[in-house]
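Inspection log for the structure reproduced underneath, given as structure tokens.
Protein chains: 2
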Amino acid sequence: MTVPTGRRERKKAATRQKIADAALRLFLERGYDAVGIRDVAAEADVAVTTVFSHFASKEALVFEQDADFEQRLTQAVTNRAPHEPLIPALRREIRAMVRHCTADGTAPIYRMIDESRALREYEESMRLRHAESLATALCADPGLAQSATACRTIARFVIDAYSLAREAADPQAAVDEIFQMIEAAWEVT
Amino acid sequence: MTVPTGRRERKKAATRQKIADAALRLFLERGYDAVGIRDVAAEADVAVTTVFSHFASKEALVFEQDADFEQRLTQAVTNRAPHEPLIPALRREIRAMVRHCTADGTAPIYRMIDESRALREYEESMRLRHAESLATALCADPGLAQSATACRTIARFVIDAYSLAREAADPQAAVDEIFQMIEAAWEVT
DNA sequence: CTGTAAACACTAACGGTTATGTTTTTGTGT
DNA sequence: ACACAAAAACATAACCGTTAGTGTTTACAG
Numbered sequence: 000m001t002v003p004t005g006r007r008e009r010k011k012a013a014t015r016q017k018i019a020d021a022a023l024r025l026f027l028e029r030g031y032d033a034v035g036i037r038d039v040a041a042e043a044d045v046a047v048t049t050v051f052s053h054f055a056s057k058e059a060l061v062f063e064q065d066a067d068f069e070q071r072l073t074q075a076v077t078n079r080a081p082h083e084p085l086i087p088a089l090r091r092e093i094r095a096m097v098r099h100c101t102a103d104g105t106a107p108i109y110r111m112i113d114e115s116r117a118l119r120e121y122e123e124s125m126r127l128r129h130a131e132s133l134a135t136a137l138c139a140d141p142g143l144a145q146s147a148t149a150c151r152t153i154a155r156f157v158i159d160a161y162s163l164a165r166e167a168a169d170p171q172a173a174v175d176e177i178f179q180m181i182e183a184a185w186e187v188t
Numbered sequence: 000m001t002v003p004t005g006r007r008e009r010k011k012a013a014t015r016q017k018i019a020d021a022a023l024r025l026f027l028e029r030g031y032d033a034v035g036i037r038d039v040a041a042e043a044d045v046a047v048t049t050v051f052s053h054f055a056s057k058e059a060l061v062f063e064q065d066a067d068f069e070q071r072l073t074q075a076v077t078n079r080a081p082h083e084p085l086i087p088a089l090r091r092e093i094r095a096m097v098r099h100c101t102a103d104g105t106a107p108i109y110r111m112i113d114e115s116r117a118l119r120e121y122e123e124s125m126r127l128r129h130a131e132s133l134a135t136a137l138c139a140d141p142g143l144a145q146s147a148t149a150c151r152t153i154a155r156f157v158i159d160a161y162s163l164a165r166e167a168a169d170p171q172a173a174v175d176e177i178f179q180m181i182e183a184a185w186e187v188t
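Chains as they are written, first to last, in the working numbering: chain D, 0 to 188; chain G, 0 to 188.
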């Protein structure tokens, strides 16, 4: 009865993808700030309101793919092997994320992000949300005896590691260096 | 010659103050998001453009007083007694800042901030700027032998301490708990 | 007292976002 | 096959923060 057959969902997803593709194309071509929402809508051949029914904001058009960052972090905690220590598991995940940002295919996107103030700020508040859900996952882990404050703190530190490493000259080395500090902070609690 | 007698500066400062007062009054009365820039301008009896010639953005109207947070942090590093250990000096400063936010007079302002998404995000990116200048101060300190990455990391952690402590049930205790972790992270480098 | 530069004002616009109401498409029960 | 409800997309216009363009007043210097 109320279970959709699938065509509707497919068409909706197709429209969403069409918008995201058009937006990314224009952004990389002319620069993020030089492209207006009305340009994106015209390029994707949809109405402006349709753009905003698929994406909450102009910035969200850029970070569409990173939607699973949050999930990957919490899963690195919840899905790790029994008795596997926490910090190395998180370090492995952050390493993979940093590597992904500097990969050849995605590098132009992240260069574009760094060039736009609006995008940098949007990403940062996105990471904050990620830190909060990571903190929730840490608090919920029965194998960890730390206080709620300690969990929230470590979650922030891990997100900091990501954002600091991305800006560093040698991102991979920076991840390792920062995680040494995080490990020490974790063990003191 | 180009040294003004003072009346002009006083009038300018008075206008600025009049705008800030009107804004804060309206914000606390009706809520930040329910007040428009045009309302603030009308209440202060100035033109909209005058508001923006004194304040860079609507959010900046709220954070006028916190302009010296940045300076206080860097001075806690540069002006500390010779051979005084770094982390306790920073902890003392963060303690004072957290106390200030929870003081009776300023509490309503910070409640208002927490209620507005725009203000929370603005504050967070303000803190990021503070972290960067703190990092610069740390890197420049000749008494510290740590790497640039370590300095930037500690700077972030210190800012995290502020923002996490403010959200905690017992802010002062949270500062102490987080700074234990920061101390451990610092000493491992 | 006059020139000038800062502060301020007024209007109009720009760009992201949202509200309003309409039309088209799609799924489903008859 | 048809009708109907829900969802999606549409078009238009507005709202709000912000900025540009263009005067007008005010405080200071000579």
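Just so it is clear, CB atoms sit at the ideal spot from N, CA and C, and this is done for glycine as well.
Counted as a single uninterrupted DSSP element, the alpha helix (DSSP H) harbouring residue 172 of chain G occupies residues 170-186. For residue 49 of chain D, the enclosing alpha helix (DSSP H) covers residues 47-53. In the three-state reduction of the DSSP assignment, residue 167 of chain G falls in the coil class.
In the three-state scheme derived from DSSP, where H, G and I count as helix and E and B as strand, residue 77 of chain D is classed as helix.
Measuring C-alpha to C-alpha distances from residue 84 of chain D to each of D/141, D/60, D/129 identifies D/141 as the nearest.
The count of Cβ pairs closer than 8 Å, one atom from the segment 18-34 of chain D and one from the segment 66-83 of chain D, stays below three, leaving the stretches out of contact. For residue 156 of chain G, the nearest CB of chain D lies under 8 Å from its own CB, placing it at the interface with that chain. Going by DSSP, residue 85 of chain G is part of the alpha helix (DSSP H) stretching over 85-100. The C-beta distance from residue 133 of chain D to residue 73 of chain D rounds to 6 Å, short enough to meet the 8 Å contact threshold. Counted as a single uninterrupted DSSP element, the stretch harbouring residue 105 of chain G is not any alpha helix (DSSP H), since DSSP gives it neither H nor E. By the Cβ criterion, the segment 115-132 of chain D is not in contact with the segment 142-151 of chain G, since fewer than three pairs of Cβ atoms, one from each stretch, lie closer than 8 Å.
No Cβ of chain G is located within less than 8 Å of the beta carbon of residue 44 of chain D.
Setting aside the 5 residues that flank it on each side, residue 96 of chain D is surrounded in the same chain by 68, 161, each with a C-beta closer than 7 Å to its C-beta; the list follows chain order.
In the three-state reduction of the DSSP assignment, residue 38 of chain G falls in the helix class. Here residue 157 of chain D has 89, 93, 133, 181 as same chain residues with Cβ atoms under 7 Å from its own Cβ, once five neighbours each way along the sequence are excluded. Along the segment 3-30 of chain D, the alpha helix (DSSP H) occurs as fully enclosed runs of 4 or more residues at 6-29, listed in sequence order.
Taking a Cβ-Cβ cut-off of 9 Å, the neighbours of residue 187 of chain G in chain D comprise 179, 180, 182, 183, 184, given in sequence order. Not a single CB atom of chain D sits nearer than 8 Å to the CB of residue 136 of chain G.
Taking a Cβ-Cβ threshold of 7 Å, the residues of chain D close to residue 151 of chain G are 163, in chain order. Residue 179 of chain G and residue 187 of chain D do touch by the CB rule: their CB atoms are close to 6 Å apart, below 8 Å. Using a Cβ-Cβ cut-off of 7 Å, residue 124 of chain D is close to 120, 123 of chain G, given in chain order. Of the residues assessed, residue 19 of chain G falls on the buried side of the cut-off, its CB having 16 or more other CB atoms within 10 angstroms. If you check the CB distance, residue 117 of chain G and residue 63 of chain G do not come in under 8 Å. In the structure shown, residue 63 of chain G adopts coil according to DSSP, grouped into three states. One finds 152, 155, 156, 159 in chain D with Cβ atoms closer than 8 Å to the Cβ of residue 159 of chain G, taken in chain order. Taking C-alpha positions only, residue 173 of chain G is separated from residue 148 of chain D by approximately 7 Å.
In this structure, residue 183 of chain G lies away from residue 153 of chain G, with their beta-carbon atoms at least 8 Å apart. Legend: CB atoms of the segment 38-63 of chain D lying less than 8 Å from CB atoms of chain G are not found in any residue. Using a 10 angstroms sphere on the CB of residue 176 of chain G, the tally of other CB atoms reaches 16 or more, which defines it as buried. Contact residues of the segment 62-89 of chain D toward chain G are absent (C-beta to C-beta distance below 9 Å).
The beta-carbon of residue 115 of chain G is placed no less than 8 Å from the nearest beta-carbon of chain D. Scanning its chain for C-beta atoms nearer than 7 Å, with the 5 sequence neighbours on each side dropped, one finds around residue 43 of chain G the residues 17, 18, 21, in chain order. In the three-state DSSP reduction, residue 56 of chain D falls in the coil class, being neither helix nor strand.
Less than 8 Å separates the beta-carbon of residue 53 of chain G from that of residue 15 of chain G. Here residue 55 of chain G is exposed, its C-beta having fewer than 16 other C-beta atoms within 10 Å. Against chain D, the beta carbon of residue 146 of chain G has neighbours under 9 Å at 176, listed in chain order.
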